[in-house]
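Throughout, the numbering used here is defined as the position within the sequence shown, counted from one, plus 24. First comes the structure, then the notes that go with it.
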Amino acid sequence: MKTVTFLALPVVLLAVWWFASAGSVDFYQPPLSKILGVFPETWFGDRMVDDVLPSLARLAIGFALSLVVGVGLGVLIGTNRTLSAVTEPVLEFLRAIPPPALVPVFILIAGIDNLMKVLVILSGCVWPVLLNTVAGVRAADDVLADTCRVYRVTGGLRLRHFLLRSASPQIMAGARQALSIGLILMVISELKAASQGVGFTVRQFQTGFQIPEMWSGVLLLGMIGVVLSVLFRLVERQVLGWYEGLRAASHDEVRT
Numbered sequence: 025m026k027t028v029t030f031l032a033l034p035v036v037l038l039a040v041w042w043f044a045s046a047g048s049v050d051f052y053q054p055p056l057s058k059i060l061g062v063f064p065e066t067w068f069g070d071r072m073v074d075d076v077l078p079s080l081a082r083l084a085i086g087f088a089l090s091l092v093v094g095v096g097l098g099v100l101i102g103t104n105r106t107l108s109a110v111t112e113p114v115l116e117f118l119r120a121i122p123p124p125a126l127v128p129v130f131i132l133i134a135g136i137d138n139l140m141k142v143l144v145i146l147s148g149c150v151w152p153v154l155l156n157t158v159a160g161v162r163a164a165d166d167v168l169a170d171t172c173r174v175y176r177v178t179g180g181l182r183l184r185h186f187l188l189r190s191a192s193p194q195i196m197a198g199a200r201q202a203l204s205i206g207l208i209l210m211v212i213s214e215l216k217a218a219s220q221g222v223g224f225t226v227r228q229f230q231t232g233f234q235i236p237e238m239w240s241g242v243l244l245l246g247m248i249g250v251v252l253s254v255l256f257r258l259v260e261r262q263v264l265g266w267y268e269g270l271r272a273a274s275h276d277e278v279r280t
């Protein structure tokens with residue numbers, strides 16, 4: 025039922041697009057039927073291997089690195105007030121820089137290969153994860169913290185079973201935001217100084233006036249976003265199963 029509800033709006037929007045564009049003779053706004061007609065031959069072939077899969081691989085690497093860096097730094101900053109006070113001005117300065125503005129800098133540092141594109145994705149994805157981790161660690165229950173101290177639960181055991189578990193709802197919220205940002209930055213990183221990727225191919229279609237193919241690329245990106253969102257929901261359900269169960273139990277208590 026939840027899946028049907030989740031997919032209802034995209035289906036409705038596609039239906040509206042189909043009927044609104046039917047019979048269109050505008051060169052730049054072709055009917056959806058024409059876009060869907062060129063979609064398979066455009067993407068289900070060599071471009072799937074040469075463009076789509078490399079783009080998704082770079083997104084996966086950048087997103088994974090943002091989780092490692094964001095959670096790691098977030099735990100350190102969230103548990104150390106002195107470190108937080110020292111790093112906060114620098115972090116606020118860096119966070120205010122739009123990641124697309126860093127593309128020329130990353131090109132100078134890392135060239136135009138995969139490393140540059142991964143760095144662009146990382147530079148945008150890391151902030152939601154980092155800030156949500158800091159907030160989640162700082163909001164950890166004081167009673168549980170005292171209990172860990174009394175029972176001498178320290179080190180990796182405390183990190184895994186107390187800090188990360190307490191902060192996991194906010195970490196997952198940050199990861200969800202980061203995934204959306206990462207998809208956008210994946211395309212931006214491929215618009216310039218690139219020779220492959222979905223963003224590069226869509227731009228090539230646009231400059232070559234292959235308008236239906238260009239729109240098919242936009243449609244593909246939307247489909248990728250939907251699929252990634254569904255997959256993230258499945259992972260989130262597994263990671264936060266205990267949290268959802270706790271919330272449900274709390275609601276049942278309030279009702280009774």
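Beta carbons: idealized from backbone N, C-alpha and C, even for Gly. Values in this document were obtained by computation on a predicted structure and should not be read as measured data.
Backbone secondary structure at residue i - three-state DSSP
i      : result
Asp137 : coil
Ile145 : helix
Thr171 : helix
Asn156 : helix
Val161 : helix
Val226 : helix
Ile131 : helix
Arg71  : helix
Ile59  : helix
Ala32  : helix
Pro64  : helix
Thr178 : coil
Gly269 : helix
Ala218 : coil
Cβ shell of residue i (< 8 Å), same chain only, five flanking positions each side left out
i      : result
Phe224 : Asp75, Glu214, Leu215 and Ala218
Ala160 : According to the sequence shown, residue 160 is Gly rather than Ala. Gly98, Gly102, Ser190, Ala191, Ser192, Pro193, Gln194 and Ile195, listed in sequence order.
Leu203 : Phe87, Cys149, Leu252, Ser253 and Phe256
Leu264 : Ser192, Pro193 and Met196
Check whether residue i and residue j have beta carbons under 9 Å apart
i      : j      : result
Leu287 : Leu207 : Any answer about residue 287 is impossible in this case: the structure gives the chain only from 25 up to 280.
Gly102 : Thr178 : no
Gly241 : Lys141 : no
Pro236 : Ile59  : yes
Ile212 : Val73  : no
Phe186 : Ala164 : yes
Leu83  : Met210 : yes
Glu268 : Arg200 : no
Val250 : Leu31  : yes
Pro282 : Trp266 : With the chain covering 25 to 280 only, the question about residue 282 has no answer from this structure.
Val93  : Leu188 : no
Where the alpha helix (DSSP H) through residue i begins and ends
i      : result
Met210 : Leu188 to Leu215
Gln262 : Ile235 to Val263
Ile101 : Leu77 to Thr103
Val49  : Neither: Val49 is in no alpha helix (DSSP H) and is coded neither H nor E.
Beta-carbon contacts of residue i that lie in its chain and below 7 Å, excluding the five residues immediately before and after
i      : result
Arg119 : Trp151
Ala134 : Met140 and Leu143
Leu243 : Ile59 and Phe63
Leu33  : none
Cutoff 6 Å; reference residue i; Cβ partners in own chain excluding five residues on either side
i      : result
Leu56  : Trp41, Trp42 and Ser45
Ser79  : Met210, Gly221 and Val222
Thr171 : none
Leu89  : Leu146
Ile205 : Gly148 and Cys149
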